[in-house]
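The numbers in full-length UniProt numbering rise by one with no breaks, and the one at position 81 of the sequence shown is 81.
Before any comments, here is the structure.
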Amino acid sequence: FKAITYNQWLLVGRKTFESMGALPNRKYAVVTRSSFTSDNENVLIFPSIKDALTNLKKITDHVIVSGGGEIYKSLIDQVDTLHISTIDIEPEG
């Protein structure tokens with residue numbers, strides 16, 4: 001996961017972002033319907049997946065979809081490559 005995502009844009013939902021935090025040397029497009037904000041210069045917030053992808057196309061040609069479930073479900077038919085990573089944690093909730 002580290003090698004694949006290093007210095008890349010990750011598209012994530014808010015809950016996924018909050019559970020993993022901002023990892024070093026990555027940029028995030030966080031999709032949320034809430035009033036979530038971030039002071040991190042490597043985090044952009046979007047109200048929809050469509051808005052996120054439209055804006056990301058202006059700045060990169062490579063986006064890594066990193067969860068959660070709604071994000072995966074919405075984009076699974078649009079991915080070029082699928083990398084499956086297993087993370088050995090027990091998230092709260």
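The beta-carbon is built from N, C-alpha and C at its ideal position, and this holds for glycine as well.
Since we're looking at a predicted model, the values are computed, not measured.
query                                                                                                         : result
Counterpart residues of Val30 in DSSP-defined beta bridges                                                    : Val12, Ile45
Per-residue DSSP class, three states only, for Ile64                                                          : strand
Sequence-distant residues of the same chain with beta carbon closer than 6 Å to Phe36, five excluded per side : Arg14
Whole-Å CB distance - Val65 paired with Val79, under 8 Å assumed                                              : 6 Å
Coil, strand or helix - Asp80 by DSSP                                                                         : coil
For Pro24, the nearest candidate out of Lys50, Val31, Tyr6, Asp61 (CA to CA)                                  : Tyr6
Continuous alpha helix (DSSP H) stretch holding Leu75: start and end                                          : 69-75
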